[in-house]
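These notes are about the structure you will find just below.
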Amino acid sequence: MSQPIYMDSHATTPLDPRVLETMMPYLTNHFGNAASSTHLFGEHAKDAVDTARDQVANLIGCSEGEIIFTSGATESDNLAVKGVAYQYKNRGNHIITSTVEHHAVLDSCEALEESGFDVTYLPVDKYGLVQPQQVEDAITDQTVLISLIYVNGEVGTINPITEVGEIAEKYGILFHSDATQGIGKIESDVDKLKVDLMSFTAHKMYGPKGIGALYVRKKAPPLQLYPLLHGGGQENNIRSGTLNVPGIVGFGAACELCKREMTEEATRITALREQLYHGLSKRIELIHLNGHPTKRVPGNLNLSFEFVESQSILSGLKEIALSSGSACNSDSVEPSYVLRAMGVKDELALGAIRFGLGRYNTTAEVDTVVECVAAQVARLRELSPLYEMVQNGNYEAAIPENGEV
Ligand SMILES: *Cc1c(COP(=O)(O)O)cnc(C)c1O
């Protein structure tokens, strides 16, 4: 039996074997605690962490003292949003974010609303973009933080982070970006993006799970964060807890590989995406691209297939790992909140498939995916009475006024 094809790299990525190799000694012989400065085990661990911190900082153009290691982007987002809100609560109680953030940001904001903070959730356009002018218009004298996702994890849209950063700077407001889906894939330099805080995680860039980072600007004026975890005072007192040395070493190696290979990889993966998009477009009619045609990361293709539901497509394709844009709980399927915020009609949102191309996908795999998805969509449409109406030229009758199918 052949290996299933993995094309869901926005959810997670496989560990690069080169990364695993650098981690192995720290899972075995070099098990020391990086904070144990009285012996060689500890020193060895600390040296490894220092090297990794340099590698991580180097990928995003900051200094090593500006990297706070966390357990992943969920924690980094929580730390950025709540840490700023609690630290600067005497300055103001207003936060600006968007409706298409990752739940780590959205739910942190909702939690803050329960304790008296005011949050503006900016809408997005049909591509999933926030306009910088909207951000500026939402600023009040109470605004302490703007938090905006860099690259959307469902549709791959790249937000105008630099422009928003300029606005934040002009008004002296702190600016956080969840850059988890951008870092390692497109250029993500903290000075160019003009961010004060930036979240990311190793497992979306061929590193291990359970390790991430928050970039926290140190340049004047120095930025303080109220910690979520109190304890041994690691990570400048911002994030207590014994450092995950093997994870950090792997994260560092993953960052170095991304830095070295990103340009070449982006070209290769963009070509695979074009092959996928053109292949599917040629074989299947009535498909729609979700997200921006050009302002998107190389590995993302999100398509809606009219007259079929993504759950039905996926359940017929067990040999291919893809994702729908929707969340399902037992018996009901909800359209994705991101596609909904972009104004995609429910029947199209329910037919959305997210293709996440990554480092190990090949042109042969793309060919297989095109064939299998095309065959599955054709099979499902044959069973659809609505599709049959359209085939008979009765498109008006097939799509009721209220959009319900
Ligand atoms: C995956 C992801 C997260 C969560 O990262 P974890 O390391 O799994 O906690 C947060 N934000 C975005 C945009 C993501 O894609």
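Using numbering that gives the first Met the number 0, the first residue of the sequence shown is number 0, and each one after it goes up by one.
Note that CB positions come from ideal geometry on N, CA and C, so glycine has one too.
Quick caveat: nothing in here was measured; it's all calculated off a predicted structure.
Item: Identify, in the order they occur along the chain, each residue of the same chain with its Cβ nearer than 7 Å to the Cβ of S8, setting aside the five sequence neighbours on each side.; Value: G298, G355, L356, G357
Item: Put D177 into one of helix, strand or coil per three-state DSSP.; Value: strand
Item: Can you find a heavy atom of ligand 1 that lies under 7 Å from the Cβ of Q2?; Value: no
Item: To the nearest angstrom, how far is the alpha carbon of G402 from that of S311?; Value: For G402, the predicted model reports a pLDDT of 43, less than 50, meaning its position is unreliable and no value from the coordinates is stated.
Item: Taking three-plus beta-carbon pairs below 8 Å as touching, is the region 82 to 94 in contact with the region 115 to 124?; Value: yes
Item: So what's I333 in DSSP terms, helix, strand or just coil?; Value: One detail in the question is off: residue 333 reads as Glu in this sequence, not Ile. In the structure shown, E333 sits in a strand (DSSP, three-state: E or B).
Item: Give the DSSP bridge partners of G211, in chain order.; Value: T69, T200
Item: Please state whether DSSP places E400 in a helix, a strand or coil.; Value: Residue confidence for E400 is low, a pLDDT of 48 falling below 50, so the modelled location carries little weight and cannot support an answer.
Item: CA-CA distance, R216 and L224?; Value: 11 Å
Item: Compute the beta-carbon to beta-carbon distance between A419 and R282, rounded to the nearest angstrom, for a pair I have assumed lies under 8 Å.; Value: Only positions 0 to 404 of the chain appear in the structure, and residue 419 is not among them; the question remains open.
Item: Could you check the C-alpha separation between Q130 and V307 for me, to the nearest Å?; Value: 32 Å
Item: For the region 131 to 149 and the region 339 to 348, state whether three or more C-beta atom pairs, one from each stretch, are separated by less than 8 Å.; Value: no
Item: DSSP beta-bridge partners for V118?; Value: I94
Item: Report buried or exposed for T156, applying the criterion of at least 16 other Cβ atoms within 10 angstroms of its Cβ.; Value: buried
Item: DSSP three-state label for D7, please.; Value: strand
Item: Three-state secondary structure (DSSP) at G183?; Value: coil
Item: Short of 7 Å in beta carbon distance, which residues of its chain neighbour H229, apart from the five on each side in sequence? Order them along the chain.; Value: S239
Item: Compare the Cα-Cα distances from V83 to each of L111, C254, E318, T139 and report the closest residue.; Value: L111
Item: Please state whether DSSP places G60 in a helix, a strand or coil.; Value: coil
Item: If you measure between the beta carbons of S309 and I286, is that distance less than 8 Å?; Value: no
Item: Quick check on the DSSP output: the alpha helix (DSSP H) that includes L288 runs from which residue to which?; Value: No alpha helix (DSSP H) contains L288, which is instead part of the beta strand (DSSP E) from 286 to 288.
Item: DSSP puts F354 in a beta bridge; with which residues?; Value: L300
Item: So the candidates are L227, V365, I237, T179; which of them puts its Cα closest to the Cα of Y276?; Value: V365
Item: Would V337 and V99 qualify as a contact pair, given that the criterion is a beta-carbon distance under 8 Å?; Value: yes
Item: Apply the 10 Å Cβ neighbour rule to E400 and answer buried if 16 or more other Cβ atoms are within range, or exposed otherwise.; Value: Per-residue confidence for E400 stands at a pLDDT of 48, beneath the threshold of 50, marking its modelled position as unreliable; no derived number is given.
Item: At what residues does the beta strand (DSSP E) containing S146 begin and finish?; Value: 142 to 146
Item: Whose CA, out of E255, L279, K81, lies closest to the CA of T50?; Value: E255
Item: Counting pairs of beta carbons, one from the region 22 to 32 and one from the region 245 to 265, are three or more of them closer than 8 Å?; Value: yes
Item: Specify the secondary structure class of T362 as computed by DSSP and reduced to three states.; Value: helix
Item: Classify N235: buried if its beta carbon has 16 or more other beta carbons within 10 angstroms, exposed otherwise.; Value: exposed
Item: Name, in chain order, the residues that DSSP records as bridge partners for S322.; Value: R353
Item: Would you kindly work out how many angstroms separate the C-alpha atoms of Y5 and S322, rounded to a whole number?; Value: 10 Å
Item: Just to confirm, does D7 get its C-beta within under 7 Å of one of the non-hydrogen atoms of ligand 1?; Value: no
Item: At what residues does the alpha helix (DSSP H) containing K281 begin and finish?; Value: 244 to 282
Item: For V404, collect the residues of the same chain with a Cβ closer than 7 Å to its Cβ; drop the 5 residues on either side in sequence, then sort them by chain order.; Value: Note on V404: pLDDT 38, under 50, position unreliable in the model; the coordinate value appears next. The residues are E346, L385.
Item: Considering only the beta carbon of each residue, do A377 and L196 sit closer than 8 Å?; Value: no
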